[in-house]
Ligand code: PDD
């Protein structure tokens with residue numbers, strides 16, 4: 015039986031109910047976080063909670079809980095799902111209003127929801143590479159907010175799956191931004207690129223960790239979006255996210271990326287990432 019947290023209570027998922035007047039349901043008026051748990055502990059917790067604060071601030075939804083209260087919920091869920099490696103999902107909506115109107119309701123209490131799911135154990139070897147397609151980014155202009163209004167991401171992901179790929183890489187303004195639910199790294203002429211953080215991408219926590227690691231180790235790196243025209247000649251491409259961690263891309267729009275095999279830069283950075291993650295969960 016799956017345990018979830020809803021507005022102060024722990025209960026089986028099938029008994030957790032929200033009102034049809036909840037603005038999260040009617041407008042997608044809410045924000046969320048996905049926090050990985052490795053070895054029974056939240057990974058990069060402060061960074062995830064800082065980003066949650068940012069999303070809440072930018073949408074003018076009050077932070078309903080203190081960090082200590084969040085931690086208590088996370089610990090409860092981690093235990094309920096048996097420790098180990100998990101992905102905690104939290105969602106906060108603006109709450110319930112009496113009528114469906116676009117304007118903010120005058121007085122409303124945010125709806126707070128959290129659940130977890132068990133992740134497959136971390137691979138000892140680099141995970142299997144994937145195929146991706148490129149698509150025009152059809153999302154809005156505030157992709158820096160981790161909003162639950164995810165219809166564009168859902169459609170672009172489905173388009174990728176339909177084409178036999180595992181992720182859609184999003185292009186806008188003549189540059190490569192990120193994936194439908196991941197950040198994107200590319201290597202060209204021996205230099206690693208990932209888009210700089212602005213309103214067009216989600217500031218991925220995994221992305222930031224990778225940037226930290228490559229800067230520490232002195233890899234040649236530019237925090238700059240790769241021009242679309244250079245993507246097809248990149249020698250390596252990979253995606254990152256809290257749940258997928260780092261996955262190499264060996265096929266792009268049906269053509270091989272570089273040699274068509276997992277590349278050396280990915281392998282090196284994956285090793286650094288794995289060492290960091292191992293030292294954390296030890
Ligand atoms: N998505 N960009 C987008 C649009 C995302 O949705 C995500 C993550 C990322 C990677 O961010 P992070 O490294 O913090 O997970 C980038 C999560 C996993 C999701 O929606 O399920």
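In our numbering, the protein residues as written are 15 to 296. Backbone N, C-alpha and C fix where the C-beta goes; we use that ideal spot for every residue, glycine too.
Rounded to whole angstroms, how far is the Cβ of residue i from the Cβ of residue j, which I believe are closer than 8 Å?
i: residue 48; j: residue 256; result: 5 Å
i: residue 237; j: residue 279; result: Actually they are not in contact, since the Cβ atoms of residue 237 and residue 279 sit about 16 Å apart, beyond 8 Å.
i: residue 150; j: residue 215; result: Actually they are not in contact, since the Cβ atoms of residue 150 and residue 215 sit about 15 Å apart, beyond 8 Å.
i: residue 43; j: residue 107; result: 6 Å
i: residue 91; j: residue 102; result: 6 Å
i: residue 200; j: residue 190; result: 7 Å
i: residue 160; j: residue 45; result: 6 Å
i: residue 53; j: residue 295; result: 3 Å
i: residue 132; j: residue 95; result: 6 Å
For residue i, report the span of its alpha helix (DSSP H) as first-last.
i: residue 278; result: 278–295
i: residue 84; result: 81–94
i: residue 226; result: 219–231
i: residue 214; result: Unbroken run through residue 214: none, as it is neither H nor E.
i: residue 69; result: 59–73
i: residue 168; result: 165–176
i: residue 77; result: Taken as a continuous stretch (DSSP letters only), residue 77 belongs to no alpha helix (DSSP H), as it is neither H nor E.
Tell me residue i's beta-bridge partners as DSSP assigns them.
i: residue 106; result: 45, 126
i: residue 101; result: 50, 131
i: residue 265; result: 145, 270
i: residue 184; result: 149, 192
i: residue 23; result: 20
i: residue 260; result: 254
i: residue 36; result: 110
i: residue 200; result: 207, 251
i: residue 241; result: 189
i: residue 56; result: 51
i: residue 161; result: 45
Within the continuous beta strand (DSSP E) that includes residue i, where are the two ends?
i: residue 208; result: 205–208
i: residue 234; result: Residue 234 -> no beta strand (DSSP E), and no H or E assigned at all.
Please confirm if the stretch 261–270 is in contact with the stretch 243–252, defined as three or more CB-CB distances below 8 Å between the two stretches. yes
Is there contact between the stretch 59–73 and the stretch 115–123, where contact requires at least three CB pairs shorter than 8 Å? no
Would you call the stretch 101–119 and the stretch 26–37 in contact, with 3 or more CB pairs under 8 Å? yes
For the stretch 143–156 and the stretch 175–186, state whether three or more C-beta atom pairs, one from each stretch, are separated by less than 8 Å. yes
Taking one C-beta from the stretch 189–197 and one from the stretch 127–138 each time, how about it: are there three or more such pairs within less than 8 Å? no
For the pair the stretch 219–227 and the stretch 163–173, tell me if three or more CB-CB distances fall below 8 Å. They do not touch, by the three-pair rule.
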